[in-house]
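Trainee: Last residue of the sequence shown: 1938 (the working numbering), numbering continuous.
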Amino acid sequence: ALEQAPELPLSQLRVMPEAERRQLLGFNRARAPSEPQHTIATMVEQQAARTPDAIALECAGEQLRYAELNARANALAHRLLALGVQPDDRVAICVQRSPALLVGLLAILKAGAAYVPLEPRYPAERIRCLLDDSAPRAVLVHAATRAMLGETLRALSLPVIDLDLDLEQRQTSTPAAGNPVVAGLTPAHLAYVIYTSGSTGQPKGVMVEHRQLAHLIHWHCTRFGLQPGSRTSSVAGLSFDAAAWELWPTLCAGGCVLMPAGECEVDDVLAWWRAQELDVSFLPTPLAEHAFVAGSLPQRLTHLLVGGDRLRQVPVGLPFTVHNNYGPTETTVVATSGEVMPQVLHPSIGAPLPHLRAYVLDAHRQLVPLGVVGELYLAGAGVARGYLGRERLTAERFVEDPLHPGERMYRTGDLCRWSDDGRLAYVGRNDDQVKIRGRRIELGEIEVQLLAHAQVREAVVLAREDVPGDRRLVAYVIADVAAPASLDEVLRAHLRQLLPEAMVPEAFVALEAWPLTANGKLDRSALPAPDAAHRLQGYEPPADAVEQTLAEIWQAVLGVERVGRHDNFFQLGGHSLLAVTLVERIRQEGLEADVRTLFDQPTVSAYAAAIERLEIVL
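1. What's the C-alpha gap between residue 1454 and residue 1513?
2. Please state whether DSSP places residue 1631 in a helix, a strand or coil.
3. Do three or more CB pairs link the segment 1502 to 1509 to the segment 1429 to 1436 at distances below 8 angstroms?
4. Measuring alpha carbon to alpha carbon, tell me which residue in 1771, 1784, 1538, 1781 is nearest residue 1814.
5. How do the segment 1779 to 1791 and the segment 1724 to 1741 stand: do at least 3 beta-carbon pairs fall below 8 angstroms, yes or no?
6. Should the segment 1605 to 1624 be called in touch with the segment 1443 to 1457, which here means at least 3 C-beta pairs below 8 angstroms?
7. In chain order, what residues of the same chain have a beta carbon less than 7 angstroms from the beta carbon of residue 1816, not counting five sequence neighbours either side?
8. Within this structure, are the beta carbons of residue 1508 and residue 1529 separated by less than 7 angstroms?
9. Looking at the unbroken beta strand (DSSP E) that takes in residue 1604, where does it start and where does it end?
10. Is it a yes or a no for the segment 1535 to 1545 touching the segment 1382 to 1401, going by three-plus beta-carbon pairs under 8 angstroms?
11. For residue 1718, which residues does DSSP report across the bridge?
12. Please tell me whether residue 1589 and residue 1555 are closer than 7 angstroms, where the distance is taken between their beta carbons.
13. Can you tell me which residues form a DSSP beta bridge with residue 1527?
14. Grouping DSSP H, G and I as helix and E and B as strand, with all else coil, what is residue 1383?
15. For the alpha helix (DSSP H) that residue 1808 lies in, which residues bound it at each end?
16. Within the same chain, show all residues whose beta-carbon is closer than 7 angstroms to that of residue 1706, passing over the 5 residues directly before and after it, in chain order.
17. List in chain order: all unbroken alpha helix (DSSP H) runs of 4+ residues lying wholly within the segment 1423 to 1463.
18. Beta-carbon within less than 8 angstroms of residue 1752's beta-carbon, same chain only, minus the 5 sequence neighbours each way: which residues are those?
19. Are the segment 1880 to 1894 and the segment 1906 to 1915 in contact at 8 angstroms, needing three or more beta carbon pairs?
20. Helix, strand or coil for residue 1934? Go by DSSP, reduced to three states.
21. With DSSP as the reference, identify every bridge partner of residue 1623, one or two as the case may be.
22. What residue does the alpha helix (DSSP H) around residue 1408 start on, and which one ends it?
23. Taking all protein chains shown into account, decide if residue 1393 is buried (16 or more other Cβ within 10 angstroms of its Cβ) or exposed.
24. Sort out for me which residues DSSP pairs residue 1746 with in a bridge.
25. What span of residues does the alpha helix (DSSP H) with residue 1753 cover, start to end?
26. Alpha carbon to alpha carbon, how far is residue 1411 from residue 1900?
27. Would you list, in sequence order, the uninterrupted beta strand (DSSP E) runs of no fewer than 3 residues that lie entirely inside the segment 1815 to 1889?
28. Are there three or more Cβ pairs, one per stretch, closer than 8 angstroms when the segment 1621 to 1632 is compared with the segment 1675 to 1693?
29. Please confirm whether residue 1538 and residue 1702 have their CB atoms less than 7 angstroms apart.
30. Just tell me which of 1874, 1612, 1821, 1637 has its CA closest to the CA of residue 1626.
31. From residue 1657 to residue 1671, what distance separates their C-alpha atoms?
32. Tell me, to the nearest whole angstrom, how far the beta carbon of residue 1704 is from that of residue 1650; I am working on the premise that it is less than 8 angstroms.
33. Do residue 1405 and residue 1448 have their beta-carbon atoms positioned less than 7 angstroms apart in this structure?
34. Taking residue 1917 as part of the alpha helix (DSSP H), name the residues at either end of that continuous run.
35. Identify every residue that forms a DSSP beta bridge with residue 1761.
36. Please state whether the Cβ-Cβ distance between residue 1889 and residue 1827 is less than 7 angstroms.
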């Protein structure tokens, strides 16, 4: 290599044998895909023309046929166009799961704009931040979210369309409108902007175009055999990019999307999911693993797609095939996929999709040998446009593909290695980004918000996995003054005003000083687990029969010897999926219980009081 190019730096010399290089590059099945000819809206319009009477959506007993979906979306799209909406503009939508949600999303695409999903459960400050950053031309709401966002929207002076009122008015006075024709709209324009956590405390909006989403749709429909009449589910929150994967392939294929209504707790979603007749379904990996253990699985289901977190194992005897999927939002939901064999510990994340290329590279962006760990880079037709209004960050993360001049590849920050069968094994991260219950989270964003509290002098957030497979966020703080007994409650309430629930740590530990290494640096490995030794309350036995029942259930679920009436479920090692298990056990005892109340009242005594109030109301 030196003889052929003596002027090159050593880091740029190609020393890998050519046969091995060809093998590694041969793992990519990507051929130059044909450029999509239609936007997603046009593809749905074509399907509505083919099967107008077919059911597009089932939600809470309501059915929405393709003809009605198309007509309602047309009326709303014309209203958006009248506001001056143009291609690449953004329109925000904050609507709970319902037929109105699907109508709103399709209408935004028909008008040529990109939708910006806002979770109804987000705190007002988070929604204001996303609206400020995305600068939408309008915001779509409905009755359930209109009052919630009223003050925020008034402060920003944005046009607001209430989809419930809009439907009433259209039914009484508005003539049917045809499919809108938007001048200059092409598949190269934006379809959606989804925000992911940012390490500086500022979320970043990923811009995905119609053509990138169209490639995903084509692969999905081909791989899983979607056709008119196929029944699929939609359970992911709208701000989770998997929601786009659940909806658009099915609607472009003429299938029926089944959706639980409103804002459901995890246990309600699982109960709903088990009762459905589905052909293809997606579940976030932690939820799927919980479903495997709980049993009572859908019998008609053919393909279960999982992703969003590391899969541990698939049990024997499932009545469907499980497919493990991986992909950052920046490469349009799914980048690799593979069928999972039962009882394989930590199965691979599969092989690259046909329209994408995967490279495992070293620090100098040279291919690493087979089986060697390196950083995963993704290239091809699924790579997103970049981050909205963040040109510098876009240039840092979306870099030139050295093997395909003129094209870009995305630096994932994920560490992987190739196996000899052309599948990728996921190893971990090279930074502080983590996945919790399928959500991508930058720990730095949580730390920034903790430091904004007057009582916090220093803060560190970790994703701990003290029990294999049970990863949870733990916040460590040094207070400016002596930490009050209720510091965890104070900080939890503070973060809930600023961050989505998934980013609020499940346990808080107050320290007087940081453990340090010999070099004087923070020793993260020495930070204590938030176990019984770090509870802020002393032990006090249960006070009555209900508290005793709860304490015994907590002991069994958490695997601890003793639980007192002031012990906090999350301080003892609980997390959201264990909360689902806990609630199921409590219901088996004939008590009314739900997950949300546990988050609000996480001690035995407080939860018992809440249960007793609920039974009185009932």
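Note that the Cβ used here is the ideal one computed from N, Cα and C, for glycine as well.
Mentor: Let me lay it out:
1. For this step, residue 1454 is matched to residue 134 along the sequence shown. For this step, residue 1513 is matched to residue 193 along the sequence shown. One C-alpha to the other measures close to 8 angstroms.
2. Translated into positions along the sequence shown, residue 1631 becomes position 311. In the structure shown, residue 1631 sits in coil (DSSP, three-state: anything other than H, G, I, E or B).
3. yes
4. Locating residue 1814 in the sequence shown gives position 494, counting from the first residue. The shortest Cα separation from residue 1814 among 1771, 1784, 1538, 1781 belongs to 1771.
5. no
6. No: the two stretches stay apart, fewer than three of their Cβ pairs being nearer than 8 angstroms.
7. Counting from 1 along the sequence shown, the entry for residue 1816 is found at position 496. Apart from the 5 residues on each side of it in sequence, residue 1816 sits with its Cβ closer than 7 angstroms to the Cβ of 1443, 1824 in its chain, given in chain order.
8. The count along the sequence shown starts at 1 and reaches residue 1508 at position 188. The count along the sequence shown starts at 1 and reaches residue 1529 at position 209. Yes, the pair counts as a contact, with Cβ atoms nearer than the cut-off.
9. Stepping through the sequence shown from its first residue, residue 1604 is reached at position 284. Its beta strand (DSSP E) spans residues 1600 to 1604.
10. no
11. Locating residue 1718 in the sequence shown gives position 398, counting from the first residue. Its beta-bridge partners are 1730.
12. On the sequence shown, residue 1589 is found 269 positions in, with the first residue counted as 1. On the sequence shown, residue 1555 is found 235 positions in, with the first residue counted as 1. Cβ atoms of residue 1589 and residue 1555: closer than 7 angstroms.
13. Here residue 1527 refers to the residue found at position 207 when the sequence shown is read from its first residue. Bridge partners of residue 1527: 1513, 1706.
14. As a first step, residue 1383 must be located in the sequence shown, where it is residue number 63. In the three-state DSSP reduction, residue 1383 falls in the strand class (E or B).
15. One-based indexing of the sequence shown puts residue 1808 at position 488. 1807 to 1816 is the span of the alpha helix (DSSP H), which, as asked, contains residue 1808.
16. One-based indexing of the sequence shown puts residue 1706 at position 386. Correct list, in chain order: 1527, 1714, 1718.
17. 1444 to 1454
18. Residue numbering aside, residue 1752 sits at position 432 when the sequence shown is read from its first letter. Here the set comprises 1519, 1762, 1763, 1764.
19. Touching, no.
20. Here residue 1934 is taken as the residue at index 614 of the sequence shown, counted from 1. At residue 1934 the pLDDT is 47, less than 50, meaning the model places this residue with poor confidence and gives no usable figure here.
21. Reading the sequence shown from its first residue, position 303 is the one you call residue 1623. DSSP lists 1600, 1641 as partners of residue 1623.
22. Position 88 of the sequence shown holds residue 1408. Where residue 1408 is concerned, there is no enclosing alpha helix (DSSP H), given that its DSSP letter is neither H nor E.
23. Here residue 1393 corresponds to residue number 73 of the sequence shown, with the count starting at 1. With 16 or more other Cβ atoms within 10 Å, it is buried.
24. Within the sequence shown, the letter at position 426 stands for residue 1746. For residue 1746, which the question treats as bridged, DSSP gives the partners 1736.
25. To locate residue 1753, count along the sequence shown from 1; it is residue 433. Unbroken run through residue 1753 is the beta strand (DSSP E), 1753 to 1756; no alpha helix (DSSP H).
26. Here the question's residue 1411 lines up with position 91 in the sequence shown. Here the question's residue 1900 lines up with position 580 in the sequence shown. So the alpha carbons of these two residues sit roughly 35 angstroms apart.
27. 1827 to 1830
28. Touching, no.
29. As a position in the sequence shown, residue 1538 is number 218, starting the count at 1. As a position in the sequence shown, residue 1702 is number 382, starting the count at 1. Taking 7 angstroms as the Cβ cut-off, residue 1538 and residue 1702 do not qualify as a contacting pair.
30. To locate residue 1626, count along the sequence shown from 1; it is residue 306. Out of 1874, 1612, 1821, 1637, the CA that lies nearest to the CA of residue 1626 is found in 1612.
31. By 1-based counting over the sequence shown, the position of residue 1657 is 337. By 1-based counting over the sequence shown, the position of residue 1671 is 351. Residue 1657 and residue 1671: Cα-Cα distance of roughly 6 angstroms.
32. Position 384 of the sequence shown, counted from the start, is the residue given in the question as residue 1704. Position 330 of the sequence shown, counted from the start, is the residue given in the question as residue 1650. That pair is a contact at about 5 angstroms.
33. Here residue 1448 refers to the residue found at position 128 when the sequence shown is read from its first residue. Here residue 1405 refers to the residue found at position 85 when the sequence shown is read from its first residue. Their beta carbons are not under 7 angstroms apart, which means residue 1448 does not touch residue 1405 by this criterion.
34. Numbered from its first residue, the sequence shown carries residue 1917 at position 597. It spans 1915 to 1920 - the alpha helix (DSSP H) in which residue 1917 sits, taken as one unbroken run.
35. Taking the sequence shown and counting its residues from 1, one reaches residue 1761 at position 441. Residue 1761 pairs with 1754.
36. As a position in the sequence shown, residue 1889 is number 569, starting the count at 1. As a position in the sequence shown, residue 1827 is number 507, starting the count at 1. For the 7 angstroms CB-CB criterion, residue 1889 and residue 1827 do not form a contact.
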